[in-house]
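Take a look at the structure below.
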Amino acid sequence: MNHLRRPQQGAAFLLLIFSLTMALAMAVVGKFSIDRFRLHRANANLEQLQQAKQALIGYAVMHSRPGALPCPDYNGDGRITNPEDHNGSRCRSETGGTMRPGWLPWRELGVAQLIDSSNATLWYLPSPAYTELASVPLNSDTSGALRLDGQGDIVALVIAPGPVLDQQQRSSAVMGNADRARSAHLEGENRDSDADFTQARPASTGLNDRLIAITRRELMQEVERRVAAEIALRLRDYVAGCSRLPDAVPFTDPSGLALFDSQPGTTEGLLPIDSVLPANWGSGCAAGASLPPWFQANNWHWLSYFASAATNCSPGVDCLEVANLPGRRDDKQGLLLLAGIDLSGRRPSATLSDYFEGENGQSGNRRFDLRPPGGNDTLRVILP
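Structure representation (structure tokens):
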């Protein structure tokens, strides 16, 4: 009998080992599947958030007020309509001085409806000064008011709300009103009415919102390219009519100037707006040249600097020279500089280097730099 019991015991032991091995394998596979699902969901959310971010930046770049962002959508139709999404002359998100997210206005942006992995439409909030209804000047010196996990200077946030958590109910009764639907989609800091927002962490249990930020630097570096290209084109129109660039405004603190008037013979400085030599914008030889209304209304002329040389200047002698420029660098007769966001923290200022970096911040030597070290200037050659 003992001889029979031993094989049976051995078989039972092997069966136990096999069962434990299979259980362990299933646990590992199960965890792998869960992790893989979570990774897939996170990647899907990130893709949608990035699409929304690029659509918003593109909208702001092409806006008639460069840099302006749409109001949030408050009734869930994907459009911006009045009075549903407006509160008088402000976005409804700013009612009573608050900052309350609404849905991403995807139709207004010209994109397909952007949803997260839980099939929820993305949420969105712009900084008040950056909305298309804002009355304050909007340029590279306009700070963003939003903060994400302590990081400030954010001009817009897009939020993927994630699946429903405990106590949240996304019934049809709340889906047409962002104020009622907010607590059913967002959690904690993200559903209150202040400027602070929080990113969900892997170990979070009561927060699953995923956010993507648009910083002032990210937005304005694209907007500045549009502004510089358009103003350079207007200056070329001026040259086409008057055979030369206008005389400049001697550089000083632009916030202290009542009038931006040309001074005869000034070849470097701020762009003239009011009294312009040899002819005012839109008149005389400059009849075919004009500045867009948004340029002065948003104080972009405070950040614009240009330089000129004689049309018969000698390359390498008295023409303008631009370092890091492809091709010939020392034969330029005119160029435009647009200041990026404030790196010095001292604007407005009467010091040129508080606006431009490297050679661009040194006036009178006819030398400039397309890419100054540590700088964020935008340079456009006007002539030749």
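Start counting the sequence shown at 26; every next residue gets the next number (the working numbering).
Glycine is no exception: its CB is placed at the ideal position from the N, C-alpha and C atoms.
Note that the coordinates shown come from a computational prediction; the quantities given were computed from them, not determined experimentally.
Quiz item: Fully enclosed by the segment 218-273, which alpha helix (DSSP H) runs are 4 residues long or longer?
Solution: 241-267
Self-check item: Strand pairing of Tyr149, partner residues [DSSP]
Solution: Residue mapping note: residue 149 aligns to position 124 of the sequence shown, counting from 1. Tyr149 pairs with Gly127, Val183.
Quiz item: Is Leu74 closer than 8 Å to Ile237 when the C-beta atoms are compared?
Solution: Locating residue 237 in the sequence shown gives position 212, counting from the first residue. Locating residue 74 in the sequence shown gives position 49, counting from the first residue. Yes, they are a contact pair.
Quiz item: What's the gap between the Cα of Gly201 and the Cα of Ala77?
Solution: To locate residue 201, count along the sequence shown from 1; it is residue 176. To locate residue 77, count along the sequence shown from 1; it is residue 52. About 21 Å.
Quiz prompt | Proximity below 8 Å, CB of Asp367 to CB of Phe381 | solution = Translated into positions along the sequence shown, residue 367 becomes position 342. Translated into positions along the sequence shown, residue 381 becomes position 356. Going by C-beta atoms, Asp367 is not nearer than 8 Å to Phe381.
Quiz item: Would Gly370 pass as a contact of Met245 if the rule is Cβ separation under 8 Å?
Solution: Numbered from 1 along the sequence shown, position 345 holds the residue referred to as residue 370. Numbered from 1 along the sequence shown, position 220 holds the residue referred to as residue 245. Not closer than 8 Å, so no.
Quiz item: Taking DSSP as the reference, what is the three-state secondary structure of Ile42?
Solution: Reading the sequence shown from its first residue, position 17 is the one you call residue 42. It is helical.
Quiz prompt | Own chain residues within Cβ distance below 7 Å of Leu302, not counting five before or after | solution = By one-based count along the sequence shown, residue 302 stands at place 277. Contacts found: Pro271, Asp272, Ser287, Pro289.
Quiz prompt | Run of the beta strand (DSSP E) containing Arg405, from where it starts to where it stops | solution = Counting from one through the sequence shown, the residue named residue 405 turns up at place 380. Segment 403-408, the beta strand (DSSP E) holding Arg405.
Exercise. Express the C-alpha separation of Asp217 and Val252 in angstroms, rounding to a whole number.
Key: Looking up residue 252 in the sequence shown gives position 227. Looking up residue 217 in the sequence shown gives position 192. So the alpha carbons of these two residues sit roughly 36 Å apart.
Quiz item: By DSSP, does Glu157 sit in helix, in strand, or in coil?
Solution: Translated into the one-based positions of the sequence shown, residue 157 becomes position 132. Coil at Glu157, not helix or strand.
Quiz item: Run through DSSP, which three-state label would Glu119 get?
Solution: Here the question's residue 119 lines up with position 94 in the sequence shown. It is helical.
Practice problem: Decide yes or no for the touch test of the segment 263-282 against the segment 116-127: beta carbon pairs closer than 8 Å, at least 3 of them. | Solution: no
Exercise. Quick one: residues in its chain with C-beta nearer than 6 Å to the C-beta of Gly169, no 5 flanking neighbours on either side, listed in chain order?
Key: For the purposes of this step, residue 169 is taken as residue 144 along the sequence shown, with counting starting at 1. So the qualifying residues of the chain are Ser152, Asp178, Ile179, Val180, Arg241.
Quiz item: What number of angstroms, rounded off, separates the C-alpha of Leu147 from the C-alpha of Arg226?
Solution: Locating residue 147 in the sequence shown gives position 122, counting from the first residue. Locating residue 226 in the sequence shown gives position 201, counting from the first residue. Spanning the two alpha carbons is a distance of roughly 19 Å.
Quiz item: By DSSP, does Pro190 sit in helix, in strand, or in coil?
Solution: Counting from 1 along the sequence shown, the entry for residue 190 is found at position 165. Before going further, note that residue 190 is Leu rather than Pro in the sequence given. Here Leu190 sits in coil by DSSP.
Quiz item: Taking only runs of the alpha helix (DSSP H) that begin and end inside the segment 300-332, which ones reach a length of at least 4 residues, in chain order?
Solution: 318-322
Quiz item: Measuring CB to CB, does Ile407 end up less than 8 Å from Leu350?
Solution: Residue mapping note: residue 407 aligns to position 382 of the sequence shown, counting from 1. Residue mapping note: residue 350 aligns to position 325 of the sequence shown, counting from 1. Cβ atoms of Ile407 and Leu350: not closer than 8 Å.
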